[in-house]
Amino acid sequence: LGDVYKRQADERKVMTQKGTLQTGQFVRRTIALHIKERFTEVFATDGSKKGNKAAYGVWEGPDAVAEERMREGGAESEEEIERRIAAGMYGGALPEGWGVTEAEMAAVIRALQIARSRDDGTGPGRRVLICTDSQATMRAMETAWRAGRHTGTRVDRKGLVATMVELRRELSRERSGGQE
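Structure, rendered in structure tokens:
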């Protein structure tokens with residue numbers, strides 16, 4: 008589990024300098040959105056590429072504190088905290104040749120798949136917030152959602168975009184005919 012928390016030196020420097028301010032701003036905005044929209048799931052997603060290797064990651068926050076621990080009180084051990092944090096992490100390597108945007112799309116797809124796996128098929132569907140730094144991914148999904156089909160020029164991304172839109176449609180089934 009310790010490897011999960013290691014960051015490269017340059018990332019650590021940026022987070023030390025600006026992380027607290029940016030995290031605080033993000034938390035305030037996310038809470039305001041949640042109060043209005045009442046999300047059932049919130050995911051942070053990311054894709055990356057180094058050399059010819061690409062990967063994606065999804066995080067939904069730490070797992071809940073065990074009921075037994077809450078009854079007993081007291082502080083959690085570092086190992087218990089690490090285990091709860093790791094329980095909310097998902098990710099994996101992608102095929103050679105995938106770029107950063109494809110990795111970002113894979114992360115969004117995985118987050119939507121996780122939300123769908125929790126959907127029992129009744130009620131208004133899931134309300135999912137995806138927190139991503141990939142404007143290209145969100146633009147591609149939103150454009151295809153509104154048009155009802157993939158409209159981008161990147162044919163190699165058509166399957167990824169179609170998968171994101173189909174998962175979104177399944178999750179939002181009863182709101183405005185799936186068009187909200």
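Basically our numbering = 1-based index in the sequence shown + 7.
The C-beta atom is built at its ideal place from N, Cα and C for all residues, glycine as well.
| query | result |
| --- | --- |
| If I follow the unbroken beta strand (DSSP E) through Leu136, where does it start and stop? | Val135 to Cys138 |
| Measuring only the C-alpha atoms, how far is Gly166 from Arg153? | 17 Å |
| Out of Thr129, Trp66 and Ile137, which has the shortest C-alpha to C-alpha gap to Thr37? | Ile137 |
| Have a look at Thr47 and Gln29 and give me their C-alpha separation to the nearest angstrom. | 24 Å |
| Name the one or two DSSP bridge partners that Val49 has. | Leu136 |
| Quick check on the DSSP output: the beta strand (DSSP E) that includes Gly31 runs from which residue to which? | Taken as a continuous stretch (DSSP letters only), Gly31 belongs to no beta strand (DSSP E), being part of the alpha helix (DSSP H) at Thr27 to Glu44. |
| Taking DSSP as the reference, what is the three-state secondary structure of Trp105? | coil |
| Check whether the stretch 135-150 and the stretch 108-122 are in contact - that is, three or more C-beta pairs closer than 8 Å. | yes |
| Among residues of its own chain, excluding the 5 on either side of Gly159, which ones have a beta-carbon nearer than 6 Å to its beta-carbon? | Ala147 |
| For Gly99 versus Ala61, is the C-beta spacing smaller than 8 Å? | no |
| Which residues mark the beginning and the end of the alpha helix (DSSP H) in which Val168 is found? | Lys165 to Leu178 |
| Go through its chain and collect everything with a Cβ distance to Val172's Cβ below 7 Å, but skip five positions before and after it. | Met148, Ala151 and Trp152 |
| Below 8 Å CB to CB, which residues in the same chain sit around Val72 once its five sequence neighbours on both sides are set aside? | Glu83 and Arg91 |
| For Leu174 versus Leu101, is the C-beta distance shorter than 8 Å? | no |
| Following the continuous beta strand (DSSP E) through Ala61, name the residue where it begins and the one where it ends. | Lys60 to Trp66 |
| Can you tell me which residues form a DSSP beta bridge with Ala100? | Ala62 |
| Is the beta carbon of Ile121 within less than 7 Å of some heavy atom of the ligand COA? | By its list of ligands, the structure shown contains no ligand whatsoever, and the ligand COA lies outside what it can speak to. |
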